[in-house]
Amino acid sequence: GAGVSQSPSNKVTEKGKDVELRCDPISGHTALYWYRQSLGQGLEFLIYFQGNSAPDKSGLPSDRFSAERTGGSVSTLTIQRTQQEDSAVYLCASSLPIVNEKLFFGSGTQLSVL
Amino acid sequence: GNSVTQMEGPVTLSEEAFLTINCTYTATGYPSLFWYVQYPGEGLQLLLKATKADDKGSNKGFEATYRKETTSFHLEKGSVQVSDSAVYFCARGGTSYGKLTFGQGTILTVHP
């Protein structure tokens, strides 16, 4: 596609359920990032992929959060046993693997945990 | 630590007013600096960037100068338009790959 695609755009779940969020990066972009945007918290870095490897997972807030990437393309962010504090917009971005290269962001997944 | 601090919002201006949104950073070394913008209902997009001290980034009438002495990268526009209403994020780049550290974001509303 022409841009970074994320699905679903909105997800409402009950506390304790697992959720999967998907990101389709721009073709040819080997670098992929997940961020979380919460009210009053700005954008928090979660994880960085280069190809299928994740050399920086330092932003994952707990072991309930995990992410994978397959074929150097699609990435899935999984949150297990969701909590209300997980409610946020989850953003995916991709870029060429060059330092200081522009990041292209998707429109995000709005996650609401009831 | 490494962080980015932005002027708190929201900021409300009348059309054609002058805009400044302050941004300061802490970092080891001299990272690249960015302003990203998020228009209503859209994803973040790069507005401008500067990669070294004294560089000026500019786009769509917006400007920001990389000030090493004051560790700042303030965003300015001489005459804002209603269409500039958005959330503006200052960000600091990484050293070995493209990870960005963002400020809190500043909501700008421009009235006719």
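Those sequence lines, one after another, are chains A and B.
With positions in the first sequence counted from 1, the corresponding number in the working numbering is that position plus 2.
With positions in the second sequence counted from 1, the corresponding number in the working numbering is that position plus 258.
Virtual Cβ for every residue (Gly too), placed ideally from N, Cα, C.
Because the structure is a prediction, the values reported are computed rather than measured.
*Applying the criterion that 16 or more other CB atoms from any shown protein chain within 10 Å of the CB defines a buried residue, is V115 of chain A buried or exposed?*
Buried, by the Cβ-count rule.
*asked:* Bridge partners for A322 of chain B per DSSP, in chain order?
replied: Its beta-bridge partners are B:G315 and B:L333.
*Give the residues of chain A in contact with F347 of chain B, contact being defined as C-beta atoms less than 9 angstroms apart.*
Chain A residues near F347 of chain B: G44 and L45.
*Please decide whether Y355 of chain B counts as near chain A, where near means a Cβ-Cβ distance under 8 angstroms.*
With respect to chain A, the C-beta atom of Y355 of chain B has a partner C-beta closer than 8 angstroms.
*Give the residues from the stretch 71-99 of chain A that approach chain B closer than 9 angstroms (Cβ to any Cβ), ordered along the chain.*
So the close ones are L93, A95, S97, L98 and P99.
*Output yes if chain C places a C-beta closer than 8 angstroms to the C-beta of K104 of chain A; else output no.*
Reference to chain C is not applicable here, since the protein chains of this structure are A and B.
*Going straight from the alpha carbon of L113 of chain A to that of K13 of chain A, what length do you get?*
Rounded to whole angstroms, L113 of chain A to K13 of chain A spans 5 angstroms at the Cα level.
*Along chain A, in chain order, which residues have C-beta atoms closer than 8 angstroms to that of T359 of chain B?*
Those are F47, listed as they occur along chain A.
*What in chain A is Cβ-close to S290 of chain B, meaning under 7 angstroms?*
Identification of chain A residues near S290 of chain B by a Cβ-Cβ cut-off of 7 angstroms yields N102, ordered along the chain.
*Extent of the continuous beta strand (DSSP E) run through F67 of chain A*: F67 of chain A -> beta strand (DSSP E) spans F67 to R71.
*asked:* Check for me: the beta strand (DSSP E) holding T15 of chain A runs from which residue to which?
replied: Taken as a continuous stretch (DSSP letters only), the beta strand (DSSP E) holding T15 of chain A covers N12 to T15.
*Who are the Cβ neighbours of T367 of chain B in its own chain at under 8 angstroms, not counting the five residues just before and after it?*
Cβ neighbours of T367 of chain B beyond the five flanking positions: P268, V269, T270, L271 and S343.
*Cβ of S11 of chain A less than 8 angstroms from any chain B Cβ?*
So, not an interface residue.
*Is L277 of chain B close to chain A, meaning its C-beta is less than 8 angstroms from at least one C-beta of that chain?*
Chain A contact via Cβ: absent.
*asked:* Below 8 angstroms on C-beta distance, what does F51 of chain A contact in chain B?
replied: Residues of chain B whose Cβ lies closer than 8 angstroms to the Cβ of F51 of chain A do not exist, since the nearest Cβ in that chain is about 10 angstroms away.
*asked:* Can you look up V340 of chain B in the DSSP assignment and give me helix, strand or coil?
replied: Helix at V340 of chain B.
*Might you give, ordered along the chain, the residues of its own chain that have their beta carbon closer than 7 angstroms to the beta carbon of K19 of chain A, omitting 5 neighbours on each side?*
Excluding residues within five positions, the ones whose Cβ falls inside 7 angstroms are T84.
*How about A33 of chain A: is its C-beta nearer than 8 angstroms to some C-beta of chain B?*
True, the Cβ-Cβ gap to chain B drops below 8 angstroms.
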